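This note's numbering numbers the first residue of the sequence shown as 1 and each following residue consecutively.
Below is one structure, written out as structure tokens, with a few remarks after it.
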Amino acid sequence: MKIAIIAVGRLPRGPETDLVKLYAERASASGRALALGPVEVIEVESRKPGKAAEAQMLTPHLADSHVIACDEHGKPRASRAFAAELAALRDQGVRRLALVIGGADGLDPDLLAAAQGQLAFGPQTWPHALARAMLAEQVYRAVSILGGSPYHRD
Numbered sequence: 001m002k003i004a005i006i007a008v009g010r011l012p013r014g015p016e017t018d019l020v021k022l023y024a025e026r027a028s029a030s031g032r033a034l035a036l037g038p039v040e041v042i043e044v045e046s047r048k049p050g051k052a053a054e055a056q057m058l059t060p061h062l063a064d065s066h067v068i069a070c071d072e073h074g075k076p077r078a079s080r081a082f083a084a085e086l087a088a089l090r091d092q093g094v095r096r097l098a099l100v101i102g103g104a105d106g107l108d109p110d111l112l113a114a115a116q117g118q119l120a121f122g123p124q125t126w127p128h129a130l131a132r133a134m135l136a137e138q139v140y141r142a143v144s145i146l147g148g149s150p151y152h153r154d
């Protein structure tokens with residue numbers, strides 16, 4: 001199952017960008033044997049402000065994907081539960097998973113309603129750069145859990 005992290009806005013060069021790249025590469029390498037990956041990171045920018053314009057830019061990247069929207073009102077998952085969800089989607093024959101992070105004001109309500117799931121990082125508010133890094137790390141952690149790696153400790 002291919003995995004795409006799709007986010008509104010482009011990150012400048014910096015440590016957060018390096019973390020996203022590092023974890024996406026690690027997840028891609030470790031996930032091959034598990035039929036998970038590659039993990040790609042797609043950044044989109046809207047020329048117009050607002051959630052609807054951002055949704056228009058995101059929508060083409062969501063075709064033929066199982067979509068999980070990152071949203072503060074979504075369901076938080078423990079790392080093992082997230083790993084189990086990825087494995088279940090893969091085992092159900094999902095070919096591509098799209099994990100979507102909206103802009104500063106969140107995701108368009110229609111896009112949220114169309115998503116097959118919603119994921120929250122907890123009750124705190126996180127900067128977009130850190131949300132991307134945390135999501136990429138959780139994808140890598142899920143892959144490492146499924147592969148039996150000692151990276152995750154309970």
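Every residue, glycine too, gets a C-beta built ideally from N, C-alpha and C.
Since this is a predicted model, take the numbers as computed values, not measurements.
Per-residue DSSP class, three states only, for residue i
i    : result
K2   : strand
L119 : strand
A87  : helix
E137 : helix
E45  : coil
A7   : strand
Where the beta strand (DSSP E) through residue i begins and ends
i    : result
G155 : Residue coverage of the chain in this structure runs from 1 to 154, which leaves residue 155 outside it and unanswerable.
L99  : 96-101
Boundaries of the alpha helix (DSSP H) in which residue i is found, first to last residue
i   : result
E25 : 15-31
Q56 : 51-58
Residue closest to residue i, alpha-carbon to alpha-carbon, out of the options
i    : options             : result
D64  : V94, F82, A87       : V94
A84  : R13, A142, M1       : A142
A129 : E43, A35, P38       : E43
L86  : Q138, D18, T17, R47 : Q138
G106 : R96, A136, D71, V39 : D71
I68  : V100, P49, A81, E45 : V100
M1   : G14, R32, R10       : R32
I5   : A29, P15, G37, P12  : G37
Counted within 10 angstroms of its Cβ, other Cβ atoms place residue i as buried (16 or more) or exposed
i    : result
R132 : buried
Y140 : buried
A98  : buried
Q) Touching or not, the segment 18-37 and the segment 66-82, by the rule of three or more beta carbon pairs under 8 Å? A) Short answer: they don't touch.
Q) Taking three-plus beta-carbon pairs below 8 Å as touching, is the segment 46-63 in contact with the segment 108-118? A) The segment 46-63 is in contact with the segment 108-118.
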